[in-house]
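Everything below concerns the one structure shown next.
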Amino acid sequence: MPELRCLTIAAEEPKRLADFYRRVFELKTVLEDDALIRLSDGVFTLALLKGREEGSRGLHAGGFRVEDLDRVKQKAEKGGKASPHSEWQVADPDGNLIDLSGKGFGAAQEKSPFPIRHLALYTADPKRLADFYGGVFEMKEVAYSDRSSIFVSDGYFNVALLYQRVGEEKNGFNHFGFHVQDLDEMRDRAEGAGVRRGAKRPDRIPYAEYRLHDPEGNGIDISVKGWKV
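Now the structure itself:
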């Protein structure tokens, strides 16, 4: 079964972001050069690329480890092209980029106590994306919200397909999340690393408890409860 095991962020200062995630969430470095930094919690990989233009920065691409690359390429259909940082790249129906690799994206041998377990994106049609991720990557629908959002999972990692209402966040990747043991500890760590302590999420939000932002403004949910998989 395909496994979602990578998130790529296009960053203005990849090394600064890497220092933040190492300090706050104890991610380990598995690769670092002038073009790319890969950090890992022992299962999932966070890839930091240099974003050349301001509009291209932020959460850039998801990444699936797949056993049968050709089969997934045929099923995905849209946006297939070679990628410098994976074996192939496709796009979902909304145009969100997805890296594919049969070898994986590099995981640290040591596991972080704060694993990455969640990714969220906004879409005008959650069901269309749920059908895509189910049909191409075998993800299962595991939860629903009263706002027409759908949560899908590969059995380990949770993806929120959030319904975009008029005037809300733009379509595309929006934030990702860490499963943590102590909310106040993580907020203290974030503050010590030079960012704000974060805001409590509304009670209607089913899983995330606080929202932090990294030094470049990328949204990070932290949760003791975790996400349904």
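The sequence shown begins at 133 in my numbering and counts up one residue at a time. Each residue gets a CB set at the ideal place from its N, CA and C atoms; glycine is no exception. Only a predicted model underlies this, so the values are computations on that prediction, with no experimental measurement involved.
Residue span of the alpha helix (DSSP H) that contains residue i, given as start and end
i           : result
residue 262 : 258-269
residue 152 : 146-157
residue 363 : Here the chain has residues from 133 to 361 only, and residue 363 is not among them.
residue 204 : 201-208
residue 316 : 315-324
Reference residue i; option with closest CA among the options
i           : options               : result
residue 274 : 359, 317 and 170      : 359
residue 290 : 336, 340, 296 and 328 : 340
residue 192 : 265, 355, 303 and 235 : 303
residue 333 : 322, 352, 284 and 323 : 352
residue 315 : 338, 335, 354 and 301 : 354
residue 329 : 317, 336 and 338      : 317
residue 233 : 201, 208, 145 and 311 : 201
residue 235 : 323, 224, 219 and 227 : 219
residue 272 : 195, 194 and 284      : 284
residue 183 : 145, 152, 206 and 214 : 145
Residue span of the beta strand (DSSP E) that contains residue i, given as start and end
i           : result
residue 343 : 342-345
residue 189 : Element bounds for residue 189: n/a, residue is neither H nor E.
residue 254 : 248-255
residue 359 : Here residue 359 belongs to no beta strand (DSSP E), and DSSP marks it neither H nor E.
residue 309 : 304-311
residue 283 : 282-285
residue 290 : 290-295
residue 215 : Residue 215 -> no beta strand (DSSP E), and no H or E assigned at all.
residue 179 : 177-182
residue 273 : 272-276
residue 142 : 135-143
residue 233 : 229-233
Alpha carbon of residue i to alpha carbon of residue j, nearest angstrom
i           : j           : result
residue 204 : residue 216 : 18 Å
residue 307 : residue 166 : 25 Å
residue 276 : residue 282 : 5 Å
residue 168 : residue 243 : 21 Å
residue 297 : residue 177 : 31 Å
residue 356 : residue 246 : 10 Å
residue 349 : residue 154 : 17 Å
residue 286 : residue 170 : 22 Å
residue 175 : residue 342 : 23 Å
residue 258 : residue 305 : 13 Å
residue 212 : residue 268 : 13 Å
residue 323 : residue 338 : 25 Å
residue 311 : residue 188 : 27 Å
Distance between beta carbons of residue j and residue i, contact taken as under 8 Å
i           : j           : result
residue 346 : residue 181 : No, residue 346 and residue 181 are not in contact; Cβ-Cβ is about 14 Å, not under 8 Å.
residue 229 : residue 261 : Going by Cβ atoms, the distance from residue 229 to residue 261 rounds to 14 Å, so no, they are not a contact pair.
residue 295 : residue 279 : 6 Å
residue 208 : residue 198 : Residue 208 to residue 198, Cβ: 10 Å. No contact.
residue 264 : residue 225 : 5 Å
residue 152 : residue 331 : With 8 Å as the limit, residue 152 and residue 331 do not qualify as a contact, their Cβ atoms being about 18 Å apart.
Distance cut-off 7 Å: residue i Cβ against heavy atoms of the ligand MN
i           : result
residue 151 : Because no ligand of any kind appears in the structure shown, any question about the ligand MN cannot be addressed here.
Say whether the stretch 239-252 touches the stretch 135-152, bearing in mind that this needs 3 or more beta-carbon pairs closer than 8 Å, one atom from each stretch. yes
Does the stretch 234-242 come close enough to the stretch 156-165 that 3 or more CB-CB pairs lie under 8 Å? yes
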